[in-house]
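In this note's numbering, the protein residues as written are -15 to 350.
The beta carbon of each residue, even a glycine, is placed where N, CA and C say it ideally should be.
Only a predicted model underlies this, so the values are computations on that prediction, with no experimental measurement involved.
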C-alpha cells in the first residue's frame, strides 16, 4: 500500500498514544509515515474500530478565527497545536453556500472540488490517526504483558539456577559423605576384630598373638574347634568327591540306557514303518485281485447269459417242432460237442460252476 508524505506532530514526542499525522501530499511514499490502514478492520485485530464512513459537512466556517491564523508562521514554527485546534472545523465545514464578500459570487467549482478532496483526505487521515492510536495502545499492552511474562520467566530461571546451585552443593557434600563411608567400610573389612573384647588389629597375626596373651582359654578352644572343623571339612570333601564319582557313574549309565532306548525306539519306528508299508502293499494287492475277480465274474455272467439265451432259442425251436411236426424247418446250426466241452472247461475250473444238460436244456450251477 502506498505511503503518504507527511510530518509527525509534536504530541507524539510526549505521548505515543496521541500520534497525529498531517498529510500534505498523497500517492508518494515516505519513510517517516506509517502505512494507511484499510477502511474496515479485520476480525483478527484486538482493537475494535467501526467501519470507516465519510461524515456529512454541516458546520459553518468561522472566518474570523481563520483570518487570525498566520499560515506562514505556523509552517515556519511547526505550530501543530494551532493545526490541532482548527482541524475539526476545517475538515467538517460546508463551503458550498459561501459567497464572495465583495461581489457575492459563488466559489469556483474547481476550487470547491479541490477543497472537498482536501477535506476527505484529512478525514481519512483522522481515521488513520485513530486506528494507529488504538493499534499503538494494543501493541503497548501486548508489550507490557510480554514484559511481565519475561520478568516472570527471568525470576523462574533465576530460581531454578539457585536450586541447581544448591543441588550441586548438596551433591558434592553427599559424594564426600559416600566416599568417607566407603573408606570406613573398607577399613572395617580389612581390620580383624577380637570376638572377646573391643580391640581390633590390622592383620590376623596380631589378633592371634592377642588371643594367646589375653584370651588363652578361648584361643585353645577356638584352635581345637578349628582343627575339628578342618578334619570335618576334609571328611566332607572326601564324601563330596565320592558322591561326585557316583553321580558321574550314574549319569553315564543313564546316558547309555537313554541311548539304548533311543536306538530301540528308532528300530521299532522303522519296523512299524516297514509293517505299514507291507500292509499298504497287501491292501493294494487285495484290491487288484478283487478287481480281477470281479472282471472275470462279469465275463462269466455275460457268457452264461449268452448260453441261456441260446438255450431258450433252442427250446423254442424244439417246441415249435413238437407242435408242428409236419413243417420241417431247415436244420439250425447246433453247437458241436467240442464247443460245449470248451465252454464247460472255461466255466468249470474258474469258479467251480457245474453245467448240466437236461432234455435239450443247459443248466449252469455256480
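- With a cut-off of 8 Å on Cβ pairs, the segment 69 to 79 is in contact with the segment 98 to 106, counting three or more such pairs.
- Residue 62: not part of any alpha helix (DSSP H); DSSP gives it neither H nor E.
- No beta strand (DSSP E) of 3 residues or more sits fully in the segment 213 to 286.
- An exposed status is given to residue 235, since fewer than 16 other beta-carbon atoms sit within 10 Å of its beta-carbon.
- In this structure, the straight-line span from the alpha carbon of residue 198 to that of residue 165 is close to 32 Å.
- A contact between stretches requires three or more CB pairs, one per stretch, nearer than 8 Å, and the segment 35 to 44 meets this requirement with the segment 103 to 115.
- Per DSSP, residue 91 lies in no alpha helix (DSSP H) and is assigned neither H nor E.
- Contact between the segment 135 to 149 and the segment 112 to 124 is absent, with fewer than three C-beta pairs closer than 8 Å.
- DSSP, read as helix, strand or coil, puts residue 159 in helix.
- In chain order, 176 place their CB closer than 8 Å to the CB of residue 188, counting only its own chain and leaving out the 5 sequence neighbours on each side.
- Only exposed fits residue 245, as fewer than 16 other CB atoms lie within 10 angstroms of its CB.
- Taking a C-beta distance under 8 Å as the contact criterion, residue 110 and residue 66 do not qualify as a contact pair.
- A straight line joining the alpha-carbon of residue 57 with that of residue 47 spans about 18 Å.
- Residue environment: residue 290 is assigned as exposed (fewer than 16 neighbouring CB atoms within 10 Å of its CB, all protein chains considered).
- Between the alpha carbons of residue 53 and residue 69 lies a gap of roughly 11 Å.
- Going by DSSP, residue 44 is part of no alpha helix (DSSP H) at all; its letter is neither H nor E.
- Spanning the alpha carbons of residue 230 and residue 237 requires a straight line of approximately 10 Å.
- Bounds of any alpha helix (DSSP H) do not take in residue 187, whose DSSP letter is neither H nor E.
- In the assembly as shown, residue 195 is a buried residue. Its beta-carbon has 16 or more other beta-carbons within 10 Å.
- The DSSP-derived three-state label of residue 176 is strand.
- For residue 138 and residue 156, the gap between their C-alpha atoms comes out near 27 Å.
- Between residue 178 and residue 191, the C-beta spacing is below 8 Å.
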